[in-house]
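Peer 1: Got a structure for you, written out below as structure tokens; questions coming shortly.
Numbering (our numbering), first residue to last: 41 to 189.
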């Protein structure tokens, strides 16, 4: 394990421990960084693998993220809601920028900040891209555009 991963892991554990110490149990699981991290991990675990998404003929949302990214954590409940609404018609692919296997895709899609949301049509052409905190209605409109085309 390299030094960067050890440092990131320790930072996450430290942040979670501090949050638990200063929060009530209800706060720790409702709207806190901990709940955002848990939601982000669940999204990543249940996401469509990239290799499947580019071959199954459905439009795709590629989300470039990192576990330590507080905006990624904050957006995770919005993405969960959209995935529940559109998941049967659109792939959700989660790509952790700290995983070197996604470096080439990060360069291909010019990832300059996280979270970065790249919307791809069924032929894998980039239709739209957003970085950072994006209102749910804007993301939903983009999902609708992808589905309609």
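Even for Gly, the Cβ is constructed at its ideal location relative to N, Cα and C.
1. For residue 99, count neighbouring C-beta atoms within 10 Å of its own C-beta (all shown protein chains included) and say buried if the count is 16 or more, exposed if not.
2. Run through DSSP, which three-state label would residue 42 get?
3. Specify the secondary structure class of residue 68 as computed by DSSP and reduced to three states.
4. Please report the straight-line C-alpha distance between residue 83 and residue 103, rounded to a whole angstrom.
5. Determine the DSSP secondary structure at residue 143, reduced to helix, strand or coil.
6. Which one or two residues does DSSP pair with residue 171 in a beta bridge?
Peer 2: Here's the rundown:
1. Residue 99 should be labelled buried.
2. Note: residue 42 maps to coil in three-state DSSP.
3. At residue 68, the pLDDT of 36 sits below 50, so the modelled position is not reliable; the number obtained from the coordinates is stated separately. Reduced to three states, the DSSP call for residue 68 is helix.
4. One C-alpha to the other measures close to 10 Å.
5. Residue state, collapsed to three classes: helix.
6. In the DSSP output, where bridge partners are listed per residue, residue 171 has 156.
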